[in-house]
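Just so you know, UniProt numbering puts the end of the sequence shown at 70, numbered straight through with nothing missing. All C-beta atoms in this analysis are idealised placements derived from N, C-alpha and C, irrespective of residue type, glycine included. Here the structure is laid out as structure tokens; the discussion comes afterwards.
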Amino acid sequence: MDWDSLFFNTATLILGVFVLDYGADKFIDHTVIVGQRLGISPTLIALLTAGAEYEELVVVVAAILQGRTP
């Protein structure tokens, strides 16, 4: 087993996950900014940004039903 390759591949995977998470957060932040500038409802923005993830969509819908701001 080549330990250098294993270490490199593992480090690359971990770094890639962090970069992907950072990029997704920035995408959501800027989607909210653009939506607010266009006058789109915060509830609709929350549904659109959470729509890709079933678990997040459930949280948003539950918050809406409880009368909280998503």
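Where residue i falls, given that 16 or more other Cβ within 10 Å makes a residue buried
i	result
residue 34	exposed
residue 14	exposed
residue 24	exposed
residue 100	Residue 100 falls outside the range modelled here, since the chain spans only 1 to 70, and no answer is possible.
Other residues of its chain near residue i: CB distance less than 6 Å, five sequence neighbours each side excluded
i	result
residue 49	28, 31
residue 45	32, 35
Cutoff 7 Å; reference residue i; Cβ partners in own chain excluding five residues on either side
i	result
residue 38	none
Complete runs of the alpha helix (DSSP H) confined to the UniProt domain "Sodium/calcium exchanger membrane region" (10 to 68) [at least 4 residues]: 42 to 50, 54 to 65
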